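Working notes, structure below.
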Amino acid sequence: MRLQERYDAVMARFAEVMPDPKTELDYDTPFHLLLAVILSAQCTDKRVNIVTPPLFEAFPDPVTLAASNEETVFEYIKSVTFPNNKTRHLLNAARLLMEEFDGEMPSDIDNLMKLPGVGRKTANVMLSVVWNKAAMAVDTHVFRVSNRIGLTNNSKTPLATEKTLVKHIPAEILPKAHHWLILHGRYVCKARKPDCLNCVISDLCKFYTKK
């Protein structure tokens, strides 16, 4: 099977079984999604969704968060991973939004990555989820699954994986493809023990056919 044929077949199969995939982070505004994604680094979405409702209520916009302090914010997020660093990221991101962007969320990758706590993956999440742009956020699941299935050829870095995926997946379905790969990695193609017997793309997967 040629590489593009594998891509086309995998995407078609995912589209059939997951026609409308969504992020599992709860949010109501782009600003709140930004906070949730920053908090989700090396932390489960389930834990983040427990933490964010009171955080969102206390800080409905960048203005209120920017005016707060580390001690106050820490109390809301202390049960997530690396709460001290993330407290600083949230506060400084809100303050930069106020100082440079008049409180409005930027919608391009370069300006998003200016925000503290926002790397390329987080910026791409914002672009694809909020604005439905042709962006591919590569987290640990996307990185692992892409290599395992055979969409990438042992890519060494998330950026290399991102570039390969963007090259072969049609732009109009990239936002969905991001979720397909994440959800597949989270629930089926797990790191330690992939559930190949319940996988809808096992016949298309390099890892499975080698087994």
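In this note's numbering, each number is its position in the sequence shown, counted from 1, plus 1.
Where is the CB? At the ideal position from N, CA and C, for every residue including glycine.
On a predicted model such as this, the values are computed, not experimentally measured, just so you know.
Check, Outcome
"Nearest-angstrom beta carbon gap, Gly-186 and Arg-145 [assumed within contact, 8 Å]", "6 Å"
"Counted within 10 angstroms of its Cβ, other Cβ atoms place Lys-157 as buried (16 or more) or exposed", "exposed"
"Under the three-state DSSP convention, the category Thr-24 falls into", "coil"
"Burial state of Thr-213, where buried means 16 or more other Cβ atoms lie within 10 Å", "Outside the displayed span of the chain (2 to 212) sits residue 213, for which this structure offers no information."
"Other residues of its chain near Ile-170: CB distance less than 7 Å, five sequence neighbours each side excluded", "Tyr-8, Met-12 and Ala-178"
"Beta-carbon proximity check, Ile-202 vs Arg-14, cutoff 7 Å", "yes"
"Reduced DSSP category for Gln-5 - H, G, I as helix; E, B as strand; rest coil", "helix"
"Rounded straight-line distance, which links the Cα of Asp-62 to that of Ala-37", "13 Å"
"Supposed contact pair Ser-147 and Leu-182 - C-beta distance, whole angstroms, cut 8 Å", "7 Å"
"Distance, Lys-207 Cα to Gly-104 Cα", "46 Å"
"Length of the line joining the Cα atoms of Lys-1 and Thr-210", "With the chain covering 2 to 212 only, the question about residue 1 has no answer from this structure."
"Buried versus exposed call for Ser-129 [16 or more other C-beta atoms within 10 Å across all chains shown]", "buried"
"Limits of the alpha helix (DSSP H) - the one that Asn-86 falls within", "84 to 102"
"Proximity to Ala-192 [Cα-Cα], best of Met-19, Ile-150 and Ile-39", "Ile-150"
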